[in-house]
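Residue numbers (numbering that gives the first Met the number 0): 0 to 484. Heads up, the beta-carbon is just placed ideally off N, CA and C, and yes, glycines get one too. Source: prediction; values computed, not measured. Inspection log for the structure reproduced underneath, given as C-alpha cells.
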Amino acid sequence: MSHGSFGIPVSTLPGVRLWMRRLLDDLRSGKSCLCLFPQAGVTGAPAAAEALLDELLHELADFVLVPAPGDVVARGDLARSAPPSPPPVRSSLWGGMDPILDYDDGLAAFSTARTGSTAVAPHPAAVAPPRAASAPEVQSEEPGVDSLADRIVKELGDAGSGGSRERTGIEGLLDLLTTAGGSAMTRVIVVRGWEEAAPTAATDLLRRLSATVKAAGLPPGHRPRLLLLSGSTGLPVELPEQIAREDTGVHWWWGALGRLDTATVVAMARPCPSGPAARRQLLEAVAQATVVEVCGPFLDLAARLAVEWDGLPDSLPAQLGRLTAGPVADRSPVPGPRRREPTAAPPHPNPSLRAEWDLGTLDRWEGRLRRRPGGAADHEHSVRTRVWLAQNHALLPLLDEAREQFTEVIRARSRVSATELAALYGRRAEMELGAMWRAHLQGHVRLTLAEADRLRTLWMSRNKLAHRTALDNAALESLIHVLCS
C-alpha cells in the first residue's frame, strides 16, 4: 500500500484500479461499504492509506469527508466565545435543575437523541427533577458513536442542509439522513476509521444506517451511503461477515495486487542494464521475472530488490537477506504449523490468517497465499522455488524455440535415414534435446564441436529446469550466451 518509493503511484496499478472500480460500483449502486486494510498499512504507513483514499475521493462525484475528532473545534468552545447571557436571570430560571442553553450548539438534545425525539427548550415547570445517575448513564453508552454522528451532522449542516444542527447523536443523524431528503443527504459519507478514538463507533453507525435505510424503504438512488475505511484492530473478528449483505459491501485489501502490478513496479525501478543488447535484454528479463516471483505482492520489497540486486542468482539470497533484515522482517509471523506453499488462498483473510495479514506479512497473490520473504529456512526454500519458477517462465519459451531450430541441424548432420532416426529417437519435429544429445553420443548424428557445445548447454539447462532446479550464475551465463549467439 505504499506510495512513494516505486516511481509510480500505487493507485495507477491495474490491480488497484480494478479493486477501486468494484468499490465505486458498490457505492454508485446505493450500497454502503466497509474497506478493511492491514493494520500495518494504516498505522505503519498512514500516508499510503491516505493516498489511496485521495484517489477514491477523486473518483467520487460527491462526498462528505468526516474530519477526525482532533480536527473539529468543540461546539461548546465555539459557544463559549459568544457573549454570555446575564447570569442572574438564567440562575433564577434554572432553580437548581439542569441548564437549558440559549444557543443552539447541538448538545441540548444529547439526552433525548437516543430515543429519536427532537430537543426543544422546555418551560421550566416541564423539566424533570435532576437525577444523580444521569451522568454515569451517558458514559455507559458508546460516546464515540454519538461523537462521530455529531461530526457528520455538522458537516452535512455546513453543506447547507436546513435544520441539521437541531439533531444530535446517532438517532438525530439517522433521522436527518432518512427524512431530510435532498442531494446533500445522498452524498457518500467518508469516515477514516484509523482516525477514530472508538474502534467500533463507525461500524456501529454502519449497522444502524443499513437497518434504518432498509426500514425506510429508500430506493438505491436516494439512499445515504457510508464509506468506512479502517484497520481491523479493535473490531470483532466476526464483524465483516455480519455486516456483509445485499445493501452493504465489504472490501478487503486482500488479493488486490497481481503479477502485472508487481512487474510494472519492477520494470520502473530497475536501472538500465549494460552490455551487448541481446544478452542484456535476456538477462534483464530473467532478473525482472525473478524479482516479481520472489517478492509477489510486497511492492516495497520488490522496488528495493529491483534497484539493489545485480540480477545474478547466486547473489540473490544475501541481497534479499539484507533487505529483509529490519523492522518489517522483525515482525515475526504468528507461531503455528506452516502449510506447504503455494496454498490456495481464501477470498478474504479468515481468522486463522488475520494476524499475519494485519502485520503486512501475508497476502493473496495470483490466487495463492504469499508470505513476505524472510531469513527462516522455510522461506529460503520458498525463495529457491520461486527463482526456479521465474527462470522457467522466462527461459522455457526460448529453450523450446532453440530446440525447434536445432532439429534442422540434426537433419543435416544425421548419419542414418530419417525413418531409422525417428524409430530410435522420435520424429525430428518432436525430438527432445535429451534425445538429440543421445543421438550425438551414439554416433547417429555427427556434430561439430561448437554445435555439440551448444546442444549440451541447451540440454543441461532444460534438464535442470525440468527437475525443478534453478540455474546458478555459470549455467545462466552459458545459456544466455548460447541463446544470443
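Secondary structure in the segment 354-425: the beta strand (DSSP E) runs of 3 residues or longer, each lying completely within the stretch, are 361-364, 367-370 in chain order.
Looking at the DSSP output, ALA60 sits in no beta bridge, so it has no partner there. One thing to note: ALA262 has its Cβ within 8 Å of the Cβ of GLN287.
Annotated three-state conformation of TRP252 is coil, per DSSP. The shortest CA-to-CA distance from LEU22 to any of ASP246, GLY233, LYS213 is the one to ASP246. Each residue's CA atom was taken as its position, placing LEU478 and PRO272 some 18 Å apart. In this chain, the beta strand (DSSP E) harbouring VAL187 covers 187-191. Restricting attention to beta strand (DSSP E) runs no shorter than 3 residues, the segment 182-245 encloses them at 187-191, 224-230, ordered along the chain. When Cβ pairs closer than 8 Å are counted between the two stretches, the segment 144-153 is seen to touch the segment 166-180, the count reaching three or more. If you draw a straight line from the Cα of ALA47 to the Cα of VAL41, it is about 8 Å long. Counting of Cβ neighbours within 10 angstroms places VAL382 among the buried residues, the total reaching 16 or more. The Cβ-Cβ distance between GLY230 and GLY254 does not fall below 8 Å. For LEU482, same chain residues with a beta-carbon under 7 Å away, outside a window of 5 residues either side, are LEU281, LEU397, ALA401 in chain order. Counting only runs of 4 or more residues that sit fully inside the segment 283-323, the alpha helix (DSSP H) segments are 298-307, 315-323, in chain order. If you look at LEU33, you'll find it isn't in any alpha helix (DSSP H); it sits in the beta strand (DSSP E) that goes 31-36. Short of 6 Å from the beta carbon of VAL63, and not among the five residues preceding or following it, lie these beta carbons of its own chain, in chain order: GLU154, ARG186, ILE188. Between the C-alpha atoms of ARG303 and LEU358 there is a straight-line separation of about 20 Å. Straight across, the Cα-Cα distance linking PRO13 with GLY69 is about 35 Å. The beta carbon of ALA305 sits closer than 6 Å to the beta carbons of VAL265, ALA268, ARG269, VAL290 from its chain, once the five residues preceding and following it are set aside; these are given in chain order.
ILE479: member of the alpha helix (DSSP H) spanning 472-483, first to last residue.
In the DSSP secondary-structure assignment, ALA343 is bridged to ARG367. Restricting attention to VAL386, GLU195, SER28, PRO235, the CA atom closest to the CA of GLY248 is found in SER28. Contact check for TRP364 and GLY295: beta-carbon distance about 4 Å, within the 8 Å limit, so the pair qualifies.
Between ARG222 and VAL236, the gap from beta carbon to beta carbon reaches 8 Å or more. In this structure, LEU225 keeps its C-beta atom at 8 Å or more from the C-beta atom of LEU238. Inclusion of ALA428 and THR406 in the CB contact set at 8 Å is warranted, their separation being smaller than that value. Under the criterion of beta carbons closer than 8 Å, HIS250 and CYS34 qualify as touching, at roughly 5 Å. Counting C-beta atoms within 10 angstroms of its own C-beta, SER484 has fewer than 16 neighbours from the protein chains shown and is therefore classed as exposed. Secondary structure at VAL41: helix, using DSSP grouped into helix, strand and coil. Looking from the CA of PRO372, the closest CA among PRO66, ASP299, LEU352 belongs to ASP299. Going by DSSP, GLY14 is part of the alpha helix (DSSP H) stretching over 13-27.
Taking C-alpha positions only, MET459 is separated from MET430 by approximately 15 Å. Within a 10 Å sphere around the beta-carbon of GLY366 sit fewer than 16 other beta-carbons, which makes this residue exposed. The alpha-carbon of ALA451 is positioned some 26 Å away from that of TRP387. In this structure, TRP252 is the residue among TRP252, ARG16, ALA200, ASP61 with its C-alpha nearest to the C-alpha of PHE36.
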